[in-house]
Amino acid sequence: MIDISKTSITLRLNDELLVVEAWGDNSIRVRDYVDQNMNDEFYHPDLKQLDTKGVDVRKIGSDAAELINGKISVQLDHRNRLTFYDKHKKVLLKEYVRQRAVKHDDGSEDAGKVQITNDFNSTLKLKPREFHPKGSSFQVIQRFESNVSEKIFGMGQYQQPFLNQKFNVLELAQRNSQISIPFYISSLGYGFLWNNPGIGKVEFAKNVTQWTMNSSDRIDYWITAGDSPKEITQRYTELVGRPPEMPPQLLGLWQSKLRYRTQDEVLEVANKYKEKGITPSVIAIDYFHWPAQGEYCFDKNYWPNPKQMISTLKKKYHIQPMVSVWPTVQNDARNYNTYFEKGYLVKINRGISMTMQIQGNTVFVDMTNPKARKYVWSLLQNNYAKNGIDYYWLDVAEPGYSVYDFDNYRYYGGTVEEIGNLYPNEYLRMVYEGRKQLDSSNPVVTLVRGAWIGAQKYGALVWSGDIDSSFRALRNQVNTGLNVGIAGIPWWTTDIGGFHGGVPTDKNFRELLLRWFEYATFSPILRLHGDRQPHSKPLSHKGGGSMVTGAPNEIWSYGKTVENILIKFLHVRESLRPYLERLMNEAHLYGFPIMRPLFYEFPKDSKSWSVDNTYMLGSDVLVAPIIYQGQTSRNVYLPKGTTWLNPYTHETFNGGINVDVKANIDQIPVFIKSNSSFDFSQLETALTEKRK
Numbered sequence: 016m017i018d019i020s021k022t023s024i025t026l027r028l029n030d031e032l033l034v035v036e037a038w039g040d041n042s043i044r045v046r047d048y049v050d051q052n053m054n055d056e057f058y059h060p061d062l063k064q065l066d067t068k069g070v071d072v073r074k075i076g077s078d079a080a081e082l083i084n085g086k087i088s089v090q091l092d093h094r095n096r097l098t099f100y101d102k103h104k105k106v107l108l109k110e111y112v113r114q115r116a117v118k119h120d121d122g123s124e125d126a127g128k129v130q131i132t133n134d135f136n137s138t139l140k141l142k143p144r145e146f147h148p149k150g151s152s153f154q155v156i157q158r159f160e161s162n163v164s165e166k167i168f169g170m171g172q173y174q175q176p177f178l179n180q181k182f183n184v185l186e187l188a189q190r191n192s193q194i195s196i197p198f199y200i201s202s203l204g205y206g207f208l209w210n211n212p213g214i215g216k217v218e219f220a221k222n223v224t225q226w227t228m229n230s231s232d233r234i235d236y237w238i239t240a241g242d243s244p245k246e247i248t249q250r251y252t253e254l255v256g257r258p259p260e261m262p263p264q265l266l267g268l269w270q271s272k273l274r275y276r277t278q279d280e281v282l283e284v285a286n287k288y289k290e291k292g293i294t295p296s297v298i299a300i301d302y303f304h305w306p307a308q309g310e311y312c313f314d315k316n317y318w319p320n321p322k323q324m325i326s327t328l329k330k331k332y333h334i335q336p337m338v339s340v341w342p343t344v345q346n347d348a349r350n351y352n353t354y355f356e357k358g359y360l361v362k363i364n365r366g367i368s369m370t371m372q373i374q375g376n377t378v379f380v381d382m383t384n385p386k387a388r389k390y391v392w393s394l395l396q397n398n399y400a401k402n403g404i405d406y407y408w409l410d411v412a413e414p415g416y417s418v419y420d421f422d423n424y425r426y427y428g429g430t431v432e433e434i435g436n437l438y439p440n441e442y443l444r445m446v447y448e449g450r451k452q453l454d455s456s457n458p459v460v461t462l463v464r465g466a467w468i469g470a471q472k473y474g475a476l477v478w479s480g481d482i483d484s485s486f487r488a489l490r491n492q493v494n495t496g497l498n499v500g501i502a503g504i505p506w507w508t509t510d511i512g513g514f515h516g517g518v519p520t521d522k523n524f525r526e527l528l529l530r531w532f533e534y535a536t537f538s539p540i541l542r543l544h545g546d547r548q549p550h551s552k553p554l555s556h557k558g559g560g561s562m563v564t565g566a567p568n569e570i571w572s573y574g575k576t577v578e579n580i581l582i583k584f585l586h587v588r589e590s591l592r593p594y595l596e597r598l599m600n601e602a603h604l605y606g607f608p609i610m611r612p613l614f615y616e617f618p619k620d621s622k623s624w625s626v627d628n629t630y631m632l633g634s635d636v637l638v639a640p641i642i643y644q645g646q647t648s649r650n651v652y653l654p655k656g657t658t659w660l661n662p663y664t665h666e667t668f669n670g671g672i673n674v675d676v677k678a679n680i681d682q683i684p685v686f687i688k689s690n691s692s693f694d695f696s697q698l699e700t701a702l703t704e705k706r707k
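Just so you know, we're using our numbering here: the sequence shown kicks off at 16 and counts up by one.
Listed below in structure tokens is the structure:
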């Protein structure tokens with residue numbers, strides 16, 4: 016039974032309810048509920064209802080209908096299949112059907128007749144939308160036809176070297192260094208959002224595109240058509256949210272290492288930077304500065320006067336301190352029973368009540384529980400915010416289970432298989448809402464190791480997790496960061512040099528660190544962090560003193576030659592700051608990523624859709640990082656439509672060609688768009704600076 020309204024098509028069958036609805040300009044939302052059970056639960060977040068004008072909905076005979084909404088239209092045909100078209104009636108996306116046509120027996124004039132079609136009149140009996148019973152829930156499958164020439168970009172952060180996600184299989188789950196944000200932009204001219212926070216996977220295969228959810232009772236997706244990637248981004252981020260304004264003072268160097276153990280160590284580092292005439296934007300105080308996990312306070316044995324330390328950092332050194340927060344609670348913490356008795360912890364279906372083991376047996380706080388969030392924020396407010404802390408580092412935000420047995424955990428809002436990807440957003444929401452209650456005038460910026468759809472509206476600054484210290488890992492980061500931006504999160508950063516490993520005295524690691532630092536200079540946030548070797552011994556056997564720390568990781572820790580090059584690129588970063596402020600404002604107003612694949616700025620250049628490991632910083636600066644050990648040159652494609660300036664040689668090139676570029680150890684290939692409205696003369700000076 017098909018019903019139509021001014022803005023929607025509704026199909027009712029015995030075992031499903033399909034609602035196809037105009038949802039914003041040039042956009043359509045599709046929801047399919049098993050057994051006609053249309054209830055929007057906590058675990059299925061509502062998308063913002065966007066105004067829509069000029070929608071045309073009509074029936075096509077007795078068993079088909081069409082909805083037209085600006086640049087996109089959709090047809091529901093006699094096989095209950097949806098096909099989406101652009102404004103030129105070119106197919107954007109079509110559901111996959113492999114079953115024989117059936118007789119109509121609904122009392123209409125077509126009753127008893129068989130619809131004849133050559134369109135996959137198959138005996139395979141595969142429907143586009145399927146619900147397979149699984150206990151009290153369902154395994155959900157959504158299938159689409161695969162266009163082998165299509166390119167797909169976005170979907171979040173996966174540690175792989177591919178920019179184009181076509182032909183990839185992606186797990187829809189959060190893990191350390193993996194961030195599932197199921198939105199993509201297609202080379203065919205549409206954007207697609209899969210709005211289900213459960214655990215599953217998507218297969219962008221040659222023969223079919225298939226979304227599979229382990230445990231759900233509905234399908235929910237949104238599709239928009241646009242004339243350019245920027246237009247698609249604007250529609251998408253209008254729907255799910257855009258980041259706050261980025262405070263300009265945070266655009267310099269972020270300094271951290273594996274644990275500054277005492278307040279004296281932090282102040283010593285701040286003072287040494289001051290002696291060198293460098294003002295970092297942030298110094299991060301990493302994990303185990305607390306007596307026990309879950310207490311959320313400084314260990315007084317090593318941080319005797321945190322309020323004074325924080326004041327000194329801000330007023331004397333003009334550095335913002337940031338503290339690490341973990342969502343873990345040790346079973347011997349002073350307040351463990353509060354969490355346990357009030358039901359604030361993640362529930363375990365099998366085995367003992369433990370979800371992670373590090374410096375003790377711990378259980379994760381259930382961040383989907385609003386009372387748990389309120390309790391944790393009260394501790395953060397009393398022990399950090401009242402001492403002057405404005406910025407938080409939400410680590411282990413996936414959360415980082417010791418064993419990723421997603422079916423073994425459940426939250427206040429549902430099982431992890433049903434809602435697991437919501438966890439980092441709820442974690443972020445706790446800090447965002449808490450900070451806004453304290454001071455609504457200051458933008459919230461939170462460093463976080465996980466995110467899902469819309470995390471950017473909570474001030475999410477995502478970093479790429481605990482990756483290894485290798486050129487292979489560096490190569491993964493370039494395309495990964497671009498896909499995070501396409502998925503809607505403009506603020507993204509990495510651990511310069513990688514997290515796991517790296518010996519400051521090793522010449523090969525020094526080369527890696529330099530190439531990574533050069534790349535990070537042309538990224539949203541320049542952040543020096545990592546677990547350098549060898550480790551120190553613990554300061555004591557208890558509290559915040561019981562955890563080891565890594566070797567030094569400041570710019571002077573790698574020898575004078577490396578230090579001079581790093582200082583050069585700090586000057587490059589300073590020259591970029593006014594430009595970065597402009598880009599951050601674009602991200603806030605329109606949702607545009609800071610780092611953009613070439614096609615994002617040059618969509619009419621067909622070759623730009625196939626270029627990876629090269630990107631635009633905003634609209635005017637092209638960056639081609641050095642990502643192989645021993646590499647001292649790169650072949651770089653310059654997109655059509657403009658001329659390009661090499662700031663090192665002052666040569667200009669017409670677009671649409673490849674050029675070979677030298678890149679000594681103190682250089683990164685960069686080109687400036689010649690018709691830019693921004694004055695890049697200071698950048699040119701900084702890039703060509705020679706330091707002894």
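Don't be surprised by glycine CBs; every beta carbon is placed ideally from N, CA and C. A quick note: this is a predicted structure, and the numbers were derived from the prediction, not measured.
- Residue pairing from DSSP places H515 in a beta bridge opposite D483, D546.
- In this structure, DSSP gives P567 a state outside helix and strand, which the three-state scheme calls coil.
- Within the same chain, P263, L266, G267 come within 8 Å of R592 by CB-CB distance, once the 5 residues on both sides are set aside.
- Shortest Cα-Cα distance from H93 to any of E596, R115, L360 involves R115.
- Take T252, set aside five residues on each side of it, and the residues of its chain with a beta-carbon closer than 8 Å to its own are Q471, G503, Y605, G606, in chain order.
- A straight-line Cα-Cα distance of about 39 Å links E283 and G469.
- In the DSSP assignment, the residues bridged to L185 are V217.
- Where L604 is concerned, the enclosing alpha helix (DSSP H) starts and stops at 575-605.
- Of the candidates Y236, F379, S393, F379 places its Cα closest to the Cα of G415.
- Excluding sequence positions up to five before and after Q372, its CB lies within less than 7 Å of the CB of S417, all in the same chain and listed in chain order.
- Restricting attention to alpha helix (DSSP H) runs no shorter than 4 residues, the segment 293-333 encloses them at 321-330, ordered along the chain.
- Straight-line spacing of the CA atoms in K149 and Y419 works out to 20 Å.
- Taking 8 Å as the cut-off, the Cβ atoms of V463 and L453 do not count as close.
- Under DSSP, A470 forms no beta bridge with any residue.
- Going by DSSP, F168 is part of the beta strand (DSSP E) stretching over 167-172.
- Annotated as distal: F153 and V34, with beta-carbon spacing of 8 Å or more.
- When DSSP reads this structure, Y663 sits in no beta bridge, so it has no partner.
- In the three-state DSSP reduction, R649 falls in the strand class (E or B).
- The DSSP-derived three-state label of M228 is strand.
- For the pair of segments examined, the segment 294-301 was found to touch the segment 334-344: the number of CB pairs separated by less than 8 Å reaches three.
- Under the DSSP definition of a beta bridge, E110 partners with F159.
- Contact between the segment 97-111 and the segment 59-73 is absent: fewer than three C-beta pairs spanning the two stretches fall below 8 Å.
- Going by DSSP, L702 is part of the alpha helix (DSSP H) stretching over 696-702.
- Distance between Y643 and K181, taken at the CA atoms: about 25 Å.
- The beta carbons of I200 and G171 sit no closer together than 8 Å.
- The criterion of a C-beta distance shorter than 8 Å is not satisfied by A701 and H603.
- Contact between P539 and P505 holds: CB atoms are separated by about 7 Å, below the 8 Å threshold.
- By the Cβ test, the segment 661-678 is not in contact with the segment 550-570, since fewer than three Cβ pairs between them sit closer than 8 Å.
- In terms of CA proximity to D635, L653 leads the group S648, Q646, L653.
- Under the three-state reduction of DSSP, I540 is assigned to coil, being neither helix nor strand.
- At a cut-off of 3 residues, the continuous stretches assigned as beta strand (DSSP E) that sit fully inside the segment 61-115 are 70-74, 80-84, 87-91, 97-101, 106-109.
- Residue pairing for E36: DSSP places it in a beta bridge opposite S23, R44.
- Listed as beta-bridge partners of D675 by DSSP are N650.
- In this structure, DSSP gives F614 a helical state, which the three-state scheme calls helix.
- DSSP places R257 in the coil class of the three-state scheme, outside both helix and strand.
- In the DSSP assignment, F153 forms a beta bridge with P148, S231.
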